[in-house]
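J.:
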Ligand code: FUL
């Protein structure tokens, strides 16, 4: 046995929980930032806003859900309460809510409306409940505030059906008394685990990692196995944006955080965790709606890049939408989201690999199978013999095909194993050339092929922690 074999085994023993796996398989979902800030043109409300200003006159949660569906999203997460403390549901624990607004004469409940619209459209529903509450008198007092936060979590987790994620923002500033709260994260986590065991705890929680920026930037090598310390909410808070300005939102990833999971970085880490990244970004410069940003909706080109880099870079994508004062999404945003949805569905519709001649080395997996590597089901995978680390897959076409993307997937139930790979293309009448050299694959890797006419494509897995277990190869 080689000296490093044990270390490699240690790394691949770290695998996703069923809830983490299900979350990753959803790939792309949306955020809705809508609250009192929408009416004050602010990003972070002060907590002293009058609920009387919250008056969406044409609220259309069905439009939000249908737009999300058209964009290809699989779920929606609502800011049920942002830092200003205003609740979009009639919480029994505060007066600072929709109950004291003109919306439906105080009888409205936007959490319920959106939960129902999501269910009708086949979308998962998630919640955002900011722990930083600039309105509540108990904020900063310790247990009394934790009781309040836990009571509100309980309302949201018991009255609105299945919740697929609790997006735990670590924001922690001063409250109305100038005090800062020390959050009892363990208590919050336990509340979620008890009431919605299938929900993932994101960002300041231990299930899904913040990618480290709000600009839509993704690491070139994204690892899901990282140091256990990364799951600490204190670390996430320290890395987070410290102000509600655009300057912070476009700040790129800190280069020191570029490599979180190579075997060199992990070798001195005692404890490891499966902690996959989520890329969260807004379709506009702000998270909330500002009329001045109507012409600053991200371009389709930019959104395509973000989608290909994030979903195609072993992260999930959380794309934010910002409804207007009237309660609807602006036509510019709707149009762009439809375009993005069309791009995704058209780009990955026709798998050219299905019509190719397949050649493999090793020639079959240990069960004697070959062609199943072209099937989409995550559960069926090319099972290599233990100790074998190199895999070569060639696809050739009798008549050249125009190829835009190569999609590779590992069966992450068995951790993330591939550390380096190469892709070669053969263009008719030319020799095979190296088109891409990559590192991580993970749940999904999308490689751009540049719409070239090709007659052959070869993928070589050149380095893996232990035998690679690929579940899918597709060419589009
Ligand atoms: C941050 C918040 O401060 C922003 O306002 C926004 O909600 C973003 C998604 O999370 O921490």
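Residue numbers (this note's numbering): 6 to 481. Virtual Cβ for every residue (Gly too), placed ideally from N, Cα, C.
On the three-state DSSP scale, how would you describe residue 173?
T.: Strand.
J.: Provide the residue span of the alpha helix (DSSP H) that contains residue 66, from first to last.
T.: Counting along the chain, the alpha helix (DSSP H) containing residue 66 begins and ends at 66-76.
J.: Could you check how far apart the C-beta atoms of residue 312 and residue 349 are, in whole angstroms? I think they sit under 8 Å.
T.: Contact flag correct, Cβ pair sits at about 7 Å.
J.: Assess, as a yes-or-no matter, whether the stretch 150-158 is touched by the stretch 110-129 under the definition of 3 or more beta carbon pairs within less than 8 Å.
T.: Result no; under three Cβ-Cβ pairs closer than 8 Å.
J.: Can you tell me whether residue 405 is helix, strand or coil according to DSSP?
T.: Reduced to three states, the DSSP call for residue 405 is strand.
J.: Per DSSP, what kind of secondary structure is residue 326 in: helix, strand or coil?
T.: If DSSP states are grouped into helix, strand and coil, residue 326 belongs with the strands.
J.: The beta strand (DSSP E) spanning residue 151 covers which residue range?
T.: Unbroken run through residue 151 is the alpha helix (DSSP H), 148-163; no beta strand (DSSP E).
J.: What do you reckon, is the C-beta of residue 48 under 7 Å from a heavy atom of ligand 1?
T.: Yes - ligand 1 has a heavy atom lying nearer than 7 Å to the Cβ of residue 48.
J.: Could you have a look at residue 299 and say whether DSSP puts it in helix, strand or coil?
T.: In this structure, residue 299 counts as coil in the three-state DSSP scheme.
J.: Under 6 Å Cβ to Cβ from residue 315, same chain only, skipping five residues before and after it: list those, please.
T.: So the list reads 223, 284 and 322, once near-sequence residues are dropped.
J.: If I measure Cβ to Cβ from residue 212 and keep anything under 6 Å in the same chain, skipping five residues before and after, which residues do I get?
T.: Contacts found: 25, 205 and 206.
J.: From the DSSP output, in three-state form, read off residue 255 for me.
T.: In the structure shown, residue 255 sits in coil (DSSP, three-state: anything other than H, G, I, E or B).
J.: Could you work out which residue in 45, 49, 96 and 131 is closest to residue 78 when comparing CA atoms only?
T.: Here the closest residue by C-alpha is 131.
J.: With a cut-off of 5 Å, give the chain-ordered residues whose Cβ is closer than this to any heavy atom of ligand 1.
T.: The answer, residue by residue, is 174, 176 and 292.
J.: I need the straight-line Cα distance from residue 28 to residue 14, nearest angstrom please.
T.: Residue 28 and residue 14: Cα-Cα distance of roughly 25 Å.
J.: Please report the distance separating the alpha-carbon of residue 256 from that of residue 376.
T.: For residue 256 and residue 376, the distance between alpha carbons rounds to 44 Å.
J.: Do residue 101 and residue 139 have their C-beta atoms closer together than 8 Å?
T.: No.
J.: So, using beta-carbon positions, are residue 217 and residue 173 closer together than 8 Å?
T.: No, they are not a contact pair.
J.: Let me know the secondary structure DSSP gives residue 129 once reduced to three states.
T.: Strand at residue 129.
J.: Give the single residue among 279, 458, 317 and 435 whose Cα lies nearest to the Cα of residue 417.
T.: Out of 279, 458, 317 and 435, 279 has the C-alpha closest to the C-alpha of residue 417.
J.: Going by beta-carbon coordinates alone, are residue 324 and residue 127 separated by less than 8 Å?
T.: No, the Cβ-Cβ distance between residue 324 and residue 127 is not below 8 Å.
J.: Which same chain residues, not among the five before or five after residue 479, have their C-beta less than 6 Å away from its C-beta?
T.: Only 356, 358 and 412 meet the Cβ criterion.
J.: Let's see if you can read the secondary structure: which residues bound the alpha helix (DSSP H) around residue 349?
T.: 336-352 is the extent of the alpha helix (DSSP H) around residue 349.
J.: Output the distance between the C-alpha atoms of residue 191 and residue 125, rounded to the nearest integer angstrom.
T.: One C-alpha to the other measures close to 33 Å.
J.: Would you mind sorting residue 243 into buried or exposed? The rule is 16 or more other CB atoms within 10 Å of its CB.
T.: Exposed is the call here.
J.: In this structure, what does DSSP give as the bridge partners for residue 427?
T.: DSSP lists 442 and 465 as partners of residue 427.
J.: Go ahead and label residue 421 buried or exposed: buried means 16 or more other beta carbons lie within 10 angstroms of its beta carbon, across all protein chains shown.
T.: Result: buried.
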